[in-house]
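**Student:** Each residue of the sequence shown is one higher than the one before, starting from 758 at the first, in the numbering used here.
Sharing a structure here in structure tokens format.
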Amino acid sequence: MAARPPRTLKPMLPPALAQLLTYHAPLSTLQREQDGAVTLLTPGVNVLALNATYLPADPGPAALRATAQWHAAHELPALVASAAPLAGAQVVATLRVGPWSPQPLPPTGPEAAEVVVEQISRLHLGLWAQALAGSRGTPGWGPPLARQLGARLEGTRGFLPLLAYRQEEAVGALLWQAQGRGGAALLWGAAEPAVAAALLNTAAALGEPLLTAWTPEDFEAPGEAVFFSLLPS
758 MAARPPRTLK PMLPPALAQL LTYHAPLSTL QREQDGAVTL LTPGVNVLAL NATYLPADPG
818 PAALRATAQW HAAHELPALV ASAAPLAGAQ VVATLRVGPW SPQPLPPTGP EAAEVVVEQI
878 SRLHLGLWAQ ALAGSRGTPG WGPPLARQLG ARLEGTRGFL PLLAYRQEEA VGALLWQAQG
938 RGGAALLWGA AEPAVAAALL NTAAALGEPL LTAWTPEDFE APGEAVFFSL LPS
């Protein structure tokens, strides 16, 4: 009997990293796979998940050296995403990934105006990106994010941009992706908790369960941890 050719294995990433990759890969400029790690690159955009190497569980020293060397050869920061802290690496951000449970808006005071969330046309991605970047404290990154998403979403099905308003002012934005019977909202930003809840509740209404990601500054909830770190040079 003739020997079978070796199987080509797909990357086996920790669940939270695989979920981030599934969502962000269609939005990135370049994807690269090596030794079970997957790199997304999106020059000119400051979204960490679009510019990181996603590492398998328990990457060995050789794999980390290869990752750092590849980034150095291309004059790129060796930003990696892992499911646990890495010895010697500098953690620059942490996320948690998990399901969102729809809930009422938190109290916002008697003078607070109602938050309205609308699905918008991709022709208005400039306003959408400015709201997202501004809510994350990086307003200057709105225009390049709008250009990147405008190019990547052209002809791509399954993504819907949502924009939150308060008194006709854009105060938050979210990009929903259809996934099976539910969806994912891993790229979003909100000016305050009430806006975040309105955006995520609206996204959950599009299909449940809703997978989302959040930082410690957004809210506290259980979820799978993801660490974005810079490898030593």
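Ideal Cβ positions, reconstructed from N, Cα and C, are used throughout, including at glycine.
May I ask which residues mark the beginning and end of the beta strand (DSSP E) holding R853?
**Tutor:** Translated into positions along the sequence shown, residue 853 becomes position 96. Per DSSP, R853 belongs to the beta strand (DSSP E) from 847 to 857.
**Student:** Using alpha carbons as the reference points, say which of Y922, E965, Q936 lies closest to A953.
**Tutor:** Sequence index remark: in the sequence shown, residue 953 carries index 196 (1-based). Ranking the options by Cα distance to A953, first place goes to Y922.
**Student:** If you count every other CB in all the chains shown that lies within 10 Å of the CB of R914, and 16 or more means buried, which is it?
**Tutor:** Locating residue 914 in the sequence shown gives position 157, counting from the first residue. In this structure R914 is exposed. Its beta-carbon is surrounded by fewer than 16 other beta-carbon atoms within 10 angstroms.
**Student:** Which word fits R893, buried or exposed, when buried means at least 16 other C-beta atoms lie within 10 angstroms of its C-beta?
**Tutor:** For the purposes of this step, residue 893 is taken as residue 136 along the sequence shown, with counting starting at 1. By the neighbour-count rule (16 or more Cβ atoms within 10 Å), R893 is buried.
**Student:** Per DSSP, what kind of secondary structure is R914 in: helix, strand or coil?
**Tutor:** Taking the sequence shown and counting its residues from 1, one reaches residue 914 at position 157. Secondary structure at R914: coil, using DSSP grouped into helix, strand and coil.
**Student:** Within a Cβ cutoff of 7 Å, which residues of the same chain sit near L774, ignoring the five residues on either side of it in sequence?
**Tutor:** Taking the first residue of the sequence shown as 1, we reach residue 774 at position 17. Cβ neighbours of L774 beyond the five flanking positions: Y811, A838, A840, V983.
**Student:** So the beta strand (DSSP E) A839 belongs to, where does it begin and stop?
**Tutor:** Indexing the sequence shown from 1 puts residue 839 at position 82. In the sequence under discussion, the amino acid at residue 839 is Ser, which differs from the Ala named in the question. For S839, the uninterrupted beta strand (DSSP E) segment begins and ends at 836 to 839.
**Student:** In whole angstroms, what separates the C-alpha of L882 from that of E911?
**Tutor:** Here residue 882 corresponds to residue number 125 of the sequence shown, with the count starting at 1. Here residue 911 corresponds to residue number 154 of the sequence shown, with the count starting at 1. Answer to the nearest angstrom: the Cα atoms are 12 Å apart.
**Student:** Who does L919 pair with in a DSSP beta bridge?
**Tutor:** Looking up residue 919 in the sequence shown gives position 162. According to DSSP, L919 bridges with Q876, L931.
**Student:** With distances taken Cα to Cα, identify the nearest neighbour of Q791 among W827, A782, L889.
**Tutor:** As a first step, residue 791 is located in the sequence shown; it is residue number 34 there, counting from the start. Of the listed residues, the one whose Cα sits closest to Q791 is W827.
**Student:** Let's see if you can read the secondary structure: which residues bound the alpha helix (DSSP H) around L967?
**Tutor:** Against the sequence shown, residue 967 aligns to sequence position 210. Looking at the DSSP string, L967 is not in any alpha helix (DSSP H); the run it does join, the beta strand (DSSP E), is 967 to 971.
**Student:** Three or more C-beta pairs under 8 Å: does that hold for the stretch 962 to 982 against the stretch 852 to 859?
**Tutor:** By the Cβ rule, the stretch 962 to 982 counts as touching the stretch 852 to 859, because three or more pairs are nearer than 8 Å.
**Student:** Check for me: the alpha helix (DSSP H) holding W885 runs from which residue to which?
**Tutor:** Taking the sequence shown and counting its residues from 1, one reaches residue 885 at position 128. Per DSSP, W885 belongs to the alpha helix (DSSP H) from 882 to 892.
**Student:** For the alpha helix (DSSP H) containing R822, list its first residue and its last residue.
**Tutor:** For the purposes of this step, residue 822 is identified with residue 65 of the sequence shown, where counting begins at 1. Run containing R822: 818 to 830, per the alpha helix (DSSP H) assignment.
**Student:** Can the beta-carbon of A960 be found less than 8 Å from the beta-carbon of L931?
**Tutor:** As a working note, residue 960 is residue 203 in the sequence shown. As a working note, residue 931 is residue 174 in the sequence shown. One thing to note: A960 has its Cβ within 8 Å of the Cβ of L931.
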